[in-house]
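*Asks:*
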Amino acid sequence: MRKRDLEQFRETLLEQKMQIVSHARQMLTGEVHADSDDLPDELDSAVSESSLSFTGRMRERERGLLAKIERSLERIERGSYGQCESCGEEIGLERLRARPVAEFCIDCKNEQERLERRPE
């Protein structure tokens, strides 16, 4: 992969990382001000609980994405970014542009998903 492409992916990944961290800070700040004691009735309480559950799921997804971003940045530093973690072949620029945190080439990813769907 060309140095210019690597730098572009690095910048994209760092930008995504900053967005996730910023969003996490905003969510934490918003939650600090949301006090369930201020809710007047059970319906508001149920809505608040549902919202907290959704927020928790969002945080978990963001944590996962943040971990993938960190691994991708580490691979850039090691010089292995863009190589499939399974077969070692190039992942391909189109796939990386669509999903900069991709760890597998499209063939290996498809095989992984096929195996995951297979009944036990």
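Under the numbering used here, the letters of the sequence shown match residues 25 to 144, in that order. Just so you know, even glycine gets a beta-carbon here, dropped at the ideal spot from N, CA and C. Just so we're clear, the structure is a prediction, and the values are computed from it rather than from any experiment.
#1: Please return the same chain residues whose Cβ sits closer than 7 Å to the Cβ of Leu30, not counting the five positions on each side in sequence.
#2: In whole angstroms, give me the CA-to-CA distance for Val125 and Glu137.
#3: When the Cα atoms are used, what is the spatial distance from Glu35 to Glu140?
#4: Name the DSSP beta bridge partners of Glu114, please?
#5: When you compare the CB positions of Leu120 and Phe33, do they come within less than 8 Å of one another, or not?
#6: Given that a residue counts as buried once 16 or more other Cβ atoms are within 10 Å of its Cβ, and exposed if not, what is Ile130?
*Replies:* For this structure:
#1: Ile100, Tyr105
#2: 17 Å
#3: Going from the Cα of Glu35 to the Cα of Glu140 covers about 32 Å.
#4: Gln107
#5: yes
#6: exposed
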